[in-house]
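In this note's numbering, the protein residues as written are 439 to 834.
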Ligand code: MG
């Protein structure tokens, strides 16, 4: 039995993780759940899965009547309940936890990732920001655990692209890898010009062609920032220089990513576009379990298209590459600026093209430092958010 902690259990990845647990109740058990603010859904999930340890990230909810009630229930069952980032971090240190699914949204996930690996638990990572912002702090912890265990398992990526690359690399020598091909669907605005993107509304940007995801990541997919974040993630996860990481548009999303080797061979990972597959692999590895998804039927698949990404129109991919290559604290600042730029776009306080403009403005304003601590990253994250807000406010 693998004992699982799910952070961000009411979001898209969180609910799909619970779905995987429902399918494999004989192999997986949920021991703790954390949400940002959806207390009602948390209570329902705790009831269904019989979970005793619960946390709510938003500490302003500590006095809420439902929180008080949930705390009483948890305590009566011999469990725990808390509000705030430290209560979330406490869950990952539970002695009964083996593996932590970190599906928190945004930079808030970094501390939880750090605490998970510091506690010696397996981190099944869906929170991109953990590596984008804190890769320099997270990866040494993961490598230390892997070195002690003798194989690479401490950090299991849940992103479909990184899960794909991880699987293509199984049994291979990393020194023989010449290129990682990270595939991109191209988002809902593939083929459009900048002029056509000027008046894009949140509703238009939220309609992703192939993957069903949360709001923030759907916008990031449409701007290609999501792919930029994934390039930085791949750099850290697979210890690969940026020169060896390419992005290719694959509109059908049937190929989830590819790895090219020294002899010119390329291994690709294909599958149905269902996030429950990469989630399940992260939980089942090294085994593969049956998944409740429709397998790919190549006879019906038709054409597989490939194209270079349009980095002129979709500036965010290039900005992320610059941030990654520059390294240090620039990815942290870029990520925070992007979170504000996307949130203000969703709130109709920023234009669609304003997302990249805002991110670039904040990146230019930042004096890059070497990454030293979580506290430093949290401070710079706050600075970048304020800087991005001032840019947005000046435009309204
Ligand atoms: Mg992805």
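Don't be surprised by glycine CBs; every beta carbon is placed ideally from N, CA and C.
Alpha-carbon spacing of residue i relative to residue j, whole angstroms
i	j	result
residue 761	residue 769	5 Å
residue 540	residue 644	23 Å
residue 660	residue 602	21 Å
residue 503	residue 522	16 Å
residue 708	residue 742	11 Å
residue 573	residue 823	20 Å
residue 789	residue 443	38 Å
residue 537	residue 484	18 Å
residue 756	residue 604	24 Å
residue 737	residue 781	41 Å
residue 713	residue 546	22 Å
residue 795	residue 549	28 Å
residue 690	residue 623	7 Å
residue 779	residue 764	21 Å
residue 595	residue 498	31 Å
residue 617	residue 706	12 Å
residue 832	residue 562	40 Å
residue 587	residue 571	26 Å
residue 697	residue 685	12 Å
residue 482	residue 747	42 Å
residue 620	residue 750	19 Å
residue 607	residue 474	34 Å
heavy atom of the ligand MG below 7 Å from residue i C-beta
i	result
residue 597	yes
residue 668	yes
Nonlocal neighbours in the same chain, by C-beta distance under 8 Å from residue i, ignoring five residues either side
i	result
residue 579	552, 555, 556, 592
residue 799	775, 825, 826, 829
residue 514	none
residue 534	441, 469
residue 387	Absent from the model: residue 387. The displayed extent of the chain is 439 to 834, so no value can be given.
Which residues DSSP lists as bridging residue i, in chain order
i	result
residue 628	Bridge partners of residue 628: none, in fact.
residue 618	683, 697
residue 555	DSSP, once it has assigned bridges, lists no residue as partnering residue 555.
residue 594	562
residue 467	441
residue 521	494
residue 472	445, 493
residue 708	693
residue 670	According to DSSP, which records beta bridges pairwise, residue 670 is partnered with nothing at all.
residue 540	445, 563
residue 745	687
6 Å Cβ shell around residue i - same chain, five flanking residues per side excluded
i	result
residue 808	766
residue 590	584
residue 652	449, 450
residue 730	461
residue 531	557
residue 804	771
CB contact below 8 Å: residue i versus chain C
i	result
residue 745	Absent from the structure is chain C; it holds one protein chain and no more.
Neighbourhood of residue i by C-beta, 7 Å cutoff - its chain only, sequence neighbours within 5 removed
i	result
residue 791	632, 635, 636
residue 664	655, 658
residue 834	787
residue 567	544, 545, 547, 548, 773
residue 575	552, 809, 812
Closer than 7 Å: residue i CB and nearest the ligand GDP heavy atom
i	result
residue 734	Here the bound small molecules are the ligand MG; the ligand GDP is not part of this structure.
* Indicate whether the contact test is met: 3 or more Cβ pairs, each with one atom in the region 669 to 680 and one in the region 623 to 640, closer than 8 Å. => no
* Asked: Is it a yes or a no for the region 450 to 463 touching the region 732 to 747, going by three-plus beta-carbon pairs under 8 Å?
  -> no
* Below 8 Å, can you find three or more Cβ-Cβ pairs linking the region 510 to 521 to the region 479 to 493? -> yes
* Asked: Does the count of Cβ pairs from the region 609 to 629 and the region 716 to 735 closer than 8 Å reach three?
  -> no
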